[in-house]
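Beneath this line is the structure, given in structure tokens, with notes to follow.
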Amino acid sequence: MTQEEHINYWLESAWHDYEVSESLFKSGKYDWCLFITHLVLEKTLKAVFVKNNQNKIPPKIHNLVRLAELSLLNLNEKQRIFLDEVNDFNLEV
-4 MTQEEHINYW LESAWHDYEV SESLFKSGKY DWCLFITHLV LEKTLKAVFV KNNQNKIPPK
56 IHNLVRLAEL SLLNLNEKQR IFLDEVNDFN LEV
């Protein structure tokens, strides 16, 4: 699989999950919506990881802040807090 194919794999999967999360939100299933949205963010970050770390496979972790760091993203405080809050919700479930 080329780097581009690998990136597209993660982004296409993230897009599919995003569509599911929209449907869950519209039906009022907010807990499941947030769970799936975590997957959207995780898969998007894994695509960024592949882009910024050539020839490496993303780690099998679910911590969004750690994935962002490993993806070489410089999060501002607001972004870090947001990802931490999404992490906290999913760890409690």
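Numbering (the working numbering), first residue to last: -4 to 88.
Here a beta-carbon is modelled for each residue, glycine too, at the ideal position from N, C-alpha and C.
Cα-Cα separation between residue i and residue j, rounded to whole angstroms
{"i": "L34", "j": "Q74", "result": "17 Å"}
{"i": "T32", "j": "H57", "result": "12 Å"}
{"i": "M(-4)", "j": "D79", "result": "32 Å"}
{"i": "P53", "j": "D83", "result": "21 Å"}
{"i": "L67", "j": "S18", "result": "32 Å"}
{"i": "R61", "j": "W27", "result": "23 Å"}
Segment limits, alpha helix (DSSP H) that includes residue i
{"i": "K21", "result": "-2 to 21"}
{"i": "N47", "result": "25 to 47"}
{"i": "L65", "result": "59 to 65"}
Review point. Are the region 12 to 24 and the region 44 to 52 touching by the rule of at least three beta carbon pairs closer than 8 Å?
Key: Taking 8 Å as the limit for Cβ pairs, the verdict is that the region 44 to 52 does not touch the region 12 to 24.
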